[in-house]
Amino acid sequence: MTKKASQSPKKMVLSAKFLTPLSLTPARVKVIRVESENSLVSLLTLDMQMPHAQPGQFVMVWSPGQDEKPMSIAETKPSLQLAIAKAGPCSKKLAESKPGEFLWVRGPLGKPFWPVGKKWLLIGGGYGFAPLRFLARVGMENGAQVETICGARTKDLLMKPLAGIGKSHITTDDGSAGVKGNVLVALEPLLADKKSKFDCVYSCGPEKMMKGVAQLCKAHGVKSQLSVERYMKCGFGVCGHCAMGGWLSCIDGPSIDGEEALANSEFGTVHVDRAGRKIKF
Ligand SMILES: Cc1cc2nc3c(=O)[nH]c(=O)nc-3n(C[C@H](O)[C@H](O)[C@H](O)COP(=O)(O)OP(=O)(O)OC[C@H]3O[C@@H](n4cnc5c(N)ncnc54)[C@H](O)[C@@H]3O)c2cc1C
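Residue numbers (my numbering): 1039 to 1319.
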């Protein structure tokens, strides 16, 4: 994360500054390795170096004959990694890629998370935990102390933990692993514990979950950053499809300040579908 990125921009439209001509040009990339994270998510390692990519950014991945979809950067070392959940036809095809096959990738795109202080709590729901592992690794390399909460509906859908990290907490909705309930059940006592005193809580996952995280953090006077997911098409602020209450999620986000998100009337309430219709969450 650059020094400039460390300030939460007041005027969010400035974030198109993260775009470079390189990030707009699709590259043909070989799939090197495909590992199973859980019953729904595959971790793809691609033969693509992206050393300038920062945690919280994403790439657009085109599967010829299918579609082009946004995917968060799950790691850049030793090369680009994506954690892909089978949500529909395109993501299923991507998640079932075989080593040796080729995909087309453009990026990095979007506004990364920015560092706030040195004591971080990272909260991931489902595949949203993958970009947070990347954030944890970069943060720890830069002296941050990191604690995590990883949530999923059931044990089978948990993402793999990051080795060598500080304290990690697990929650499952059905109680099949860790604490029973959603991530908020684990978050509340951590925020209430005066000894914890986090400088910032970073969260990525379902929007309703992130809204709960931002509300709890605000109530405890702790800063938060979220990664918003809206239906994206161009990924670089031209088509306007990912508009969210006056922001373009692809360039003003996906990483946004939690309190600014809470002040946005469409956060956690409405999103736009493939054809541009507004849908209630
Ligand atoms: C910034 C960002 C980062 C993302 N990172 C990841 C990731 O790391 N791993 C992962 O598995 N998924 C990620 N997603 C979501 C992923 O892009 C969609 O799940 C995927 O595009 C589904 O496409 P599909 O054709 O398989 O499914 P569909 O049947 O078309 O849709 C399934 C669901 O995915 C949503 N979706 C479909 N197309 C898009 C799109 N172009 N943009 C946003 N949402 C879409 C739909 O609204 C629907 O809820 C991310 C989305 C965004 C916006």
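Cβ atoms here follow ideal geometry from the backbone N, Cα and C, with glycine treated the same way.
Subject >> Backbone secondary structure at C1288 - three-state DSSP >> reply: Three-state DSSP puts C1288 in a helix.
**OP:** Within the same chain, show all residues whose beta-carbon is closer than 6 Å to that of T1192, passing over the 5 residues directly before and after it, in chain order.
**Re:** T1210, D1212, S1214
Subject >> beta strand (DSSP E) segments (min. 3 residues) lying fully within the region 1150-1211 >> reply: 1157-1163, 1183-1190, 1206-1210
Original post:
Given a threshold of 16 other Cβ atoms within 10 Å of its Cβ, counted over all protein chains shown, does H1090 qualify as buried or as exposed?
Top reply: exposed
Original post:
Is it the case that the CB of L1200 approaches a heavy atom of ligand 1 more closely than 7 Å?
Top reply: no
Subject >> C-alpha distance - F1151 paired with P1127, whole-angstrom precision >> reply: 29 Å
Original post:
Counting Cβ pairs closer than 8 Å, one from the region 1066-1079 and one from the region 1121-1137, do we hit at least three?
Top reply: Short answer: they touch.
Original post:
Who are the near neighbours of S1044 in its chain, counting only those whose CB is closer than 7 Å to its CB and skipping five residues on each side?
Top reply: Per-residue confidence for S1044 stands at a pLDDT of 42, beneath the threshold of 50, marking its modelled position as unreliable; the derived number appears in the next sentence. Only W1152, P1153 meet the Cβ criterion.
Original post:
Are the CB atoms of D1085 and V1067 nearer to each other than 8 Å?
Top reply: V1067 is positioned such that its CB atom lies closer than 8 Å to that of D1085.
**OP:** Look up C1255 in the DSSP assignment and say whether it is helix, strand or coil.
**Re:** helix
Original post:
With respect to the beta strand (DSSP E) encompassing P1227, which residues constitute its N-terminal and C-terminal limits?
Top reply: From DSSP, P1227 is part of no beta strand (DSSP E) but of the alpha helix (DSSP H) over 1221-1230.
**OP:** Consider the C-beta atom of L1300 and the heavy atoms of ligand 1; say whether any pair is separated by less than 7 Å.
**Re:** Not so, every heavy atom of ligand 1 lies at least 7 Å from the Cβ.
**OP:** Pair every Cβ in the region 1155-1164 with every Cβ in the region 1177-1194, then say whether three or more of these pairs are closer than 8 Å.
**Re:** yes
Subject >> Cβ pair K1149, G1094 closer than 8 Å >> reply: yes
**OP:** Apply the 10 Å Cβ neighbour rule to D1194 and answer buried if 16 or more other Cβ atoms are within range, or exposed otherwise.
**Re:** exposed
Original post:
Under three-state DSSP, which class holds F1056?
Top reply: helix
**OP:** Quick one: grab the DSSP three-state call for Q1045.
**Re:** With a pLDDT of 42 at Q1045, under the threshold of 50, the modelled position of this residue cannot be trusted; read the value that follows with caution. Correct three-state label for Q1045: coil.
Original post:
If we ignore side chains and look at the alpha-carbon of each, how far apart do G1278 and L1228 end up?
Top reply: In this structure, the alpha-carbon of G1278 lies about 38 Å from that of L1228.
Original post:
Buried or exposed: I1317, going by 16 or more other Cβ atoms within 10 Å of its Cβ?
Top reply: exposed
Subject >> Per DSSP, cross-strand counterpart(s) of S1110 >> reply: F1096
Original post:
Cβ atoms of S1262 and P1292: under 8 Å apart, would you say?
Top reply: no
Original post:
Whose CA, out of P1169, M1282, C1188, lies closest to the CA of A1299?
Top reply: M1282
**OP:** Take the Cβ of E1134 as the centre, count every other Cβ of all protein chains shown within 10 Å, and call the residue buried at 16 or more, exposed below.
**Re:** exposed
Original post:
Under 8 Å between the Cβ atoms of E1297 and K1256?
Top reply: yes
**OP:** Can you grab the Cα-Cα spacing for the pair P1146 / M1088, in whole Å?
**Re:** 8 Å
**OP:** Quick one: using the 10 Å Cβ neighbour count with 16 as the cut-off for buried, is R1268 buried or exposed?
**Re:** Counting the other CB atoms within 10 Å of its CB gives R1268 a total of 16 or more, which places it among the buried residues.
Original post:
Taking Cβ positions, are V1069 and V1099 nearer each other than 8 Å?
Top reply: No.
Original post:
Using the C-alpha atoms, what's the distance from I1289 back to K1049?
Top reply: Confidence in K1049 is poor, its pLDDT being 39 and thus under 50, which makes the residue's placement too unreliable to answer from.
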